[in-house]
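Q:
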Amino acid sequence: MKRIVLIAASALLATPVAFAQARNFEGFSLALVADSSQSTAEKVGTGSDSSTTGGLGLEAQYSIPMGNQFVLGLGVNFRNGSRSAGSVGGTNFSIKDAASFDIVPGFALSDSMLVYGKVSGLSASAIGSTGGVESSESISGYGYGLGLRSFIDKNMYFQVGYDANTYDNKTKAGVTYKNSANVFSLGFGYKF
């Protein structure tokens with residue numbers, strides 16, 4: 034019995050040390066993100082065009098340690114405003130108010146640096162404007178990404194990331210449209 038108590042006590046004492054790196058990333062975080070988005074619009078069979086624009090967004094995430102170095106985060110991301118996606122056949126396209134729900138597995142390289150991947154479910158509005166007449170369609174899709182987060186102090190951090198987003202095709206008046214975006218971002222955040 035004495036031996037079992039000693040083993041259990043040793044395991045309890047070792048657990049905080051074993052999860053030390055991952056625990057530094059545990060909890061709720063909120064970040065302001067600046068991005069550069071290269072968006073592409075395509076009229077299938079007609080042509081495609083791309084445009085690069087920047088903007089701001091908010092990112093909220095909750096992360097839990099899954100071992101010594103592994104972390105799993107769940108988050109939401111919102112990019113306000115409109116990102117131009119180019120002009121095809123006299124129609125100007127843009128992607129507006131993009132949002133995502135993210136699953137973010139990460140690997141702690143140290144107690145202050147995390148490399149992460151991201152799989153996202155996406156939603157946005159696709160805007161088409163021809164001759165001053167604007168139409169809007171809700172679009173959804175999926176995305177994936179990679180990034181690096183580094184703490185400046187105990188709570189403040191910066192992160193850099195890349196996301197590749199693909200939206201589902203939409204057909205309107207017999208014409209099929211595709212939208213996609215490559216997003217490079219820089220964020221500054223606070224872990225509570």
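The sequence shown runs 34 to 225 under this note's numbering.
In this text, a Cβ means the ideal position worked out from N, Cα and C, and glycines have one as well.
#1: Using only the alpha-carbon positions, how far apart do D130 and S62 sit?
#2: Can you tell me whether G122 is buried or exposed, with buried defined as 16 or more other CB within 10 angstroms of its CB?
#3: Just verifying my parser: in three-state terms, what is the DSSP assignment at Q54?
#4: My assumption, with CB atoms under 8 Å, is that F191 sits in contact with G150. Please give the rounded CB distance.
#5: DSSP on V77, reduced to helix/strand/coil?
#6: Using the three-state DSSP reduction, which class does N212 fall into: helix, strand or coil?
#7: Quick check on the burial criterion: 16 or more other C-beta atoms within 10 angstroms. Buried or exposed for E167?
#8: So, using beta-carbon positions, are A55 and V104 closer together than 8 Å?
#9: I want to see whether chain B comes within less than 8 Å of T79, judged by CB atoms only; does it?
#10: Buried or exposed for D144, please, with buried defined as at least 16 other CB atoms from any protein chain shown within 10 angstroms of its CB.
#11: Mapping DSSP to helix, strand and coil, what is F134?
#12: Less than 7 Å between C-beta atoms, sequence neighbours within five positions excluded: which residues of the same chain meet that for T86?
#13: First and last residue of the beta strand (DSSP E) that includes Q102?
A: Per the coordinate set shown:
#1: Translated into the one-based positions of the sequence shown, residue 130 becomes position 97. Translated into the one-based positions of the sequence shown, residue 62 becomes position 29. Distance between the alpha carbons of D130 and S62 is about 21 Å.
#2: Translated into the one-based positions of the sequence shown, residue 122 becomes position 89. A residue is called buried when at least 16 other Cβ atoms come within 10 angstroms of its Cβ; G122 does not meet this threshold and is exposed.
#3: Residue 54 sits at position 21 when you count from the first residue of the sequence shown. In this structure, Q54 counts as helix in the three-state DSSP scheme.
#4: Start at 1 with the first residue of the sequence shown, and residue 191 comes out as number 158. Start at 1 with the first residue of the sequence shown, and residue 150 comes out as number 117. So it is not a contact: roughly 18 Å between Cβ atoms.
#5: Along the sequence shown, one-based indexing puts residue 77 at 44. In this structure, V77 counts as coil in the three-state DSSP scheme.
#6: Here the question's residue 212 lines up with position 179 in the sequence shown. Here N212 carries a strand assignment [DSSP, helix/strand/coil].
#7: The residue labelled residue 167 in the question sits at position 134 within the sequence shown. The residue is exposed, with fewer than 16 neighbouring Cβ atoms inside 10 Å.
#8: Working through the sequence shown from its first residue, we reach residue 55 at position 22. Working through the sequence shown from its first residue, we reach residue 104 at position 71. With a cutoff of 8 Å on beta-carbon distance, A55 and V104 are scored as near each other.
#9: In the structure shown, chain B does not exist; there is a single protein chain.
#10: Position 111 of the sequence shown holds residue 144. By the 16-neighbour rule on beta-carbons within 10 angstroms, D144 is exposed.
#11: Indexing the sequence shown from 1 puts residue 134 at position 101. The three-state secondary structure of F134, taken from DSSP, is strand.
#12: To locate residue 86, count along the sequence shown from 1; it is residue 53. Take T86, set aside five residues on each side of it, and the residues of its chain with a beta-carbon closer than 7 Å to its own are S70, R116, S117, in chain order.
#13: Start at 1 with the first residue of the sequence shown, and residue 102 comes out as number 69. Taken as a continuous stretch (DSSP letters only), Q102 belongs to no beta strand (DSSP E), as it is neither H nor E.
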